[in-house]
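Heads up, the thing below is written out as structure tokens.
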Amino acid sequence: MIALFKIKANAGFFVYICDSAGYLGSVGLLLYKEFFMKDLSWAKVLMQFSYLLTIICTCLLIFVAIFFNRKIGVKGPITGILDRMPINSK
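This is the structure in structure tokens:
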């Protein structure tokens, strides 16, 4: 992603972003459970949030795949990227 956008950065920035998102999710889950789902057990709350997170992550994955394919100018299926990689060229 750094190379695609041609920005100066390092992997530490992305580690920080992922770590922050994890902490935000943990705090959000704790607050939501305490204020809106007091009567439910932790097992049910975690199962509901895992289902919700699965749906959200799948939608984001599809969106990101489409976005980056358009960003690099791929006009065909996603697998077309693999054919243009230097490791696969002969």
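If you read the sequence shown in this note's numbering, its first letter stands for residue 7, the second for the next number, and so on.
Virtual Cβ for every residue (Gly too), placed ideally from N, Cα, C.
| Check | Outcome |
| --- | --- |
| First through last residue of the alpha helix (DSSP H) which encompasses ASN16 | Segment: none, ASN16 is in no alpha helix (DSSP H) and carries neither H nor E. |
| Backbone CA spacing between TYR38 and LYS50 [nearest angstrom] | 13 Å |
| Beta-carbon gap between LEU35 and PHE55 smaller than 8 Å | yes |
| Alpha helix (DSSP H) segment containing LYS77, residue limits | 48-78 |
| Straight-line Cα distance separating LYS77 from ALA9 | 12 Å |
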